[in-house]
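In the working numbering, the protein residues as written are 222 to 338. Glycine included, each C-beta is placed from N, C-alpha and C at the ideal position. Here the structure is a predicted model, which means the values were calculated and not measured.
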């Protein structure tokens, strides 16, 4: 019995959507960096100041979530191609979901600590 009742075509639509969203939000992130000269934007006080901007914190969280979903789903697809049976697919799906949730949780923790919420 599969863990999720999503068809592979639905999972691929999620994969494509998260890829497009990730590119969009990373482009916005780069535009944030272009507001000031690149060297200045990487100075410690400017980096810390970014974490106090709520819009920037939301942008970082969106980038974290979309890239994690997209990347771990890509890893899942690659691993499922190695061996194809129901047990392997269910095991890989569970492990990849657990890893993705762990990465998002740890990244969110880092963003919260950085923004001192």
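Exposed unless 16 or more other CB atoms sit within 10 angstroms - verdict on residue i
i, result
"residue 266", "exposed"
"residue 323", "exposed"
"residue 289", "buried"
"residue 269", "exposed"
"residue 297", "buried"
"residue 287", "buried"
"residue 234", "exposed"
"residue 321", "buried"
Rounded straight-line distance, which links the Cα of residue j to that of residue i
i, j, result
"residue 305", "residue 228", "15 Å"
"residue 177", "residue 251", "In the structure as shown, the chain begins at 222 and stops at 338. Residue 177 is therefore absent and cannot be evaluated."
"residue 384", "residue 237", "The requested residue 384 is not part of the displayed model; the chain covers only 222 to 338."
"residue 343", "residue 232", "The chain is shown from 222 up to 338; residue 343 falls before or after that span and cannot be answered."
"residue 247", "residue 325", "17 Å"
"residue 256", "residue 337", "23 Å"
Supposed contact pair residue j and residue i - C-beta distance, whole angstroms, cut 8 Å
i, j, result
"residue 291", "residue 240", "5 Å"
List, from N- to C-terminal side, the alpha helix (DSSP H) runs of 4 residues or more that fit wholly inside the region 241 to 303.
259 to 262, 265 to 271, 275 to 303
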